[in-house]
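Everything below concerns the one structure shown next.
Residue numbers (my numbering), protein chains in the order written: chain A, 2 to 354; chain F, 35 to 418.
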């Protein structure tokens, strides 16, 4: 019996985005895998049948959700959530079978030195294999003829290589205007630039370099006609202290009042955290002023190591209600410190649940 | 109660004996700074270069895509492939100088072709090849080697006492070590050239090639890719044929730099587990190859917290700190103390796992490093 199709709840859609295929990219170290895993979970929670895709040579985002080994075939991580890992060899094998229609002959291609050499050298060949696989996945149908995957989240390579991946189909289509590769590349390129089906999620940290890189990437993608579906600012500290409170804290530090080392450290830590919040706010403002709209934010997780519970928590923050709490807090529109404490408490509650 | 003497973050962890980073650097004329993206590698490389220049050495830092403001501070506006002199702040030891340049992989590749081509016609044919243009521009794998190529030129020039390389961000630092070999294997294009050349010359693809044992494979390849992609790629390898020998020779010379006793490797990591594990794996790899591993800089480390955290009643002595504020101060301290304890154990793990290599801890700073002054603030932590 086919599993019952879940119903999509628009209220719970992460980032307000209807399910589609998204490429999550950004500067190295900004948390692409974290954002990918949280987004996949959030879409699943909203009722979308979701596939989380890793690419060979990249970190494993599925390992943040489940310890299951992920291969070229979809592996269920949870109900309505699967993951797979695209490897070049398997993609080549699959593609060759498709074109040559003889399995045995196609399999001979893989591991052949001529093919290896060619795949290394031919411009865009490897990128096309990855994109071709994604295109095929996006078009898969279930027994009832409905799309098999409502949402596909691709944990993509960092900025430079990520951009290379996304524009390669177009480059190849222009370089080799005739032949089977050309029609393949043209079809994939059209898919990548179809706003209804494909978008890019730019992950960033509220720091100078990642924000600058995000803005540049956003422009380049616009030039290529690829839709930036959302920008997610990861690791945002929610200020637990108002500016007036920090004045009192610095006052106490300056007062030479006798205090234990531990109290001194607590006061210094608060000043550090507040300074960091102010800097982060400035970077967020810069990003939003260029973009002309608010960006989505994810709170910094005070955890020695991110666990599945943290990813679950982050997936909740990605929904409209979660974003509303965070945005109100960051805008300082609510009762400040108390609400911040509530956000922290909520995050911690998620951790322990 | 009397507060215990406050420990400075740099004095905490020193297992490496008397030799500190500065001593080790003075024995080197090339330092390769390696690590994955987003760990602050560019800043560390620039800070080391600046510090060595301040101590009187003639230093050049080869960097890749640094922060805009850092580039400006160093006098680099746009991507430029030639060295620019950076003005040193006051207090520099006489004789010291700092130059900086940004790697442009395409320019470096073009120059390699120009220098090894036997004639202008050969050079032009390669540079005009469509596949060459795409490959030399695309970063996959080429950037690493081209950074080494540029380093080789700088090192050979004899103008510098020390060249510091901020290597391209890689998923794994081993990619840098493997890049010369990969480059040779790639340019070789042996199998492709062998099987494709005859038919390429006939302008009709796949016919002659179908004769050999790989013939069917080539035929299939053509079915998959179309004749044009196959032809253009083959033509690329053909065009490289004349310079293949001298390029390979050059790459082997460049590769030998790795094993030079005056070449050192420095890993930069964050305190995250994956990052630290990578540094350990990198150390093992270098041990195997007998390359010189200087140490690991662990960046953005949470400063150590006091053993006993503050309690609510301890804040009562401070009249301006109310109950609610004190509660949040304590919560913040607890959060940071948890991170500090994680970072401390990561540093211990790293120091234990990497033998007599240095483990250098740089604390998270309140402000991002993006100018010469900011770079100077890193110096005391790096120097130890």
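Positions of the beta carbon are idealized from the N, C-alpha and C atoms, including for glycine.
- Message: For residue 131 of chain F and residue 120 of chain F, I'd like the C-alpha separation in whole angstroms.
- Response: 8 Å
- Message: Please confirm whether residue 214 of chain F has its beta-carbon closer than 8 Å to some beta-carbon of chain A.
- Response: Among the residues facing chain A, residue 214 of chain F is not included, as its CB has no counterpart in that chain under 8 Å away.
- Query: CA-CA distance, residue 402 of chain F and residue 369 of chain F?
  - Reply: 21 Å
- Message: In whole angstroms, give me the CA-to-CA distance for residue 113 of chain A and residue 201 of chain F.
- Response: Cα to Cα, the separation comes out at about 32 Å.
- Item | Selection of the stretch 56-80 of chain A by Cβ proximity to chain F, strictly under 8 Å | 58, 59, 60
- Message: Residues of chain F with CB closer than 8 Å to the CB of residue 249 of chain A, please, in chain order.
- Response: 354, 355, 359
- Task: Count the other C-beta atoms from every protein chain shown that fall within 10 angstroms of the C-beta of residue 236 of chain F, then say buried if there are 16 or more, exposed otherwise.
- Result: Here the model assigns residue 236 of chain F a pLDDT of 44, short of 50, so the residue's position is not dependable, and the following value carries that caveat. Exposed, by the Cβ-count rule.
- Which residues in chain F sit within 7 Å of residue 266 of chain A, going by Cβ to Cβ distance? 339, 340, 367
- Answer yes or no: does any C-beta atom of chain A fall closer than 8 Å to that of residue 316 of chain F? So, not an interface residue.
- Query: Quick one: what's got a C-beta closer than 7 Å to residue 7 of chain A's C-beta in the same chain, skipping five residues either side?
  - Reply: 48, 50, 81
- Span separating the alpha-carbon of residue 18 of chain A from that of residue 235 of chain A: 18 Å
- Query: From this set, F/282, F/349, F/293, which residue's C-alpha is nearest residue 326 of chain F's C-alpha?
  - Reply: F/293
- Message: Using a Cβ-Cβ distance cut-off of 8 Å, determine whether residue 262 of chain A contacts chain F.
- Response: So, interface residue.
- Task: Give the interface partners of residue 24 of chain A over in chain F, defined as CB-CB distance under 7 Å, in chain order.
- Result: By Cβ distance, chain F contributes nothing, its closest Cβ being about 17 Å from residue 24 of chain A, past 7 Å.
- According to the Cβ coordinates, are residue 154 of chain A and residue 25 of chain A closer than 8 Å? Yes.
- Item | DSSP state of residue 184 of chain A mapped onto helix, strand, coil | helix
- Quick one, which residues of the stretch 260-289 of chain F are near chain A if we go by CB-CB under 8 Å, in chain order? 260, 261, 262, 263, 264, 266, 267, 270, 271
- Message: Among the candidates F/302, F/279, F/266, F/171, whose CA atom is the shortest distance from the CA of residue 393 of chain F?
- Response: F/302
- Item | DSSP three-state assignment for residue 216 of chain A, whether helix, strand or coil | helix
- Query: Do you know how far the Cα of residue 383 of chain F is from the Cα of residue 338 of chain F?
  - Reply: 16 Å
- Thinking C-alpha only, which one of F/336, F/313, F/365, F/324 is nearest residue 385 of chain F? F/313
- Return the residues of the stretch 92-110 of chain A that lie within a Cβ-Cβ distance of less than 8 Å from chain F, sorted by chain order. 96, 97, 100, 101, 106, 107, 109, 110
- Message: Does residue 347 of chain F pass the burial test, meaning 16 or more other C-beta atoms within 10 Å, or should it be called exposed?
- Response: exposed
- Query: Could you give the uninterrupted runs of the alpha helix (DSSP H) lying entirely in the stretch 266-324 of chain F, keeping only those of 4 residues or more?
  - Reply: 307-323
- Counting only the same chain and skipping the five closest in sequence on each side, list residues whose C-beta sits under 7 Å from that of residue 238 of chain A. 274, 277, 278, 281, 301
- Span separating the alpha-carbon of residue 320 of chain A from that of residue 363 of chain F: The straight-line gap from Cα to Cα measures roughly 29 Å.
- Query: Would residue 214 of chain F pass as a contact of residue 147 of chain F if the rule is Cβ separation under 8 Å?
  - Reply: no
- Mind listing which residues of the stretch 198-209 of chain A have their C-beta closer than 9 Å to chain F's C-betas, in chain order? With the criterion set as a beta carbon lying under 9 Å from some beta carbon of chain F, the members of the stretch 198-209 of chain A are 206, 208, 209, in sequence order.
- Query: So which of A/222, A/312, A/331 has the shortest CA-CA distance to residue 45 of chain A?
  - Reply: A/312
- Query: Helix, strand or coil: which one does DSSP assign to residue 127 of chain A?
  - Reply: helix
- Going straight from the alpha carbon of residue 257 of chain F to that of residue 107 of chain A, what length do you get? Looking at the backbone, the Cα of residue 257 of chain F and that of residue 107 of chain A are separated by about 11 Å.
- Message: Quick check: is the beta carbon of residue 349 of chain F nearer than 8 Å to any beta carbon in chain A?
- Response: yes
- Query: Can you tell me whether DSSP reads residue 334 of chain F as helix, strand or coil?
  - Reply: Correct three-state label for residue 334 of chain F: strand.
- Using 10 angstroms around the beta-carbon of residue 356 of chain F, count the other beta-carbons present and answer buried if the total reaches 16, otherwise exposed. exposed
- Query: Measuring CB to CB, does residue 227 of chain A end up less than 8 Å from residue 129 of chain A?
  - Reply: no
- Message: Under 8 Å: do the stretch 252-260 of chain A and the stretch 329-338 of chain F share three or more Cβ pairs, one atom per stretch?
- Response: no
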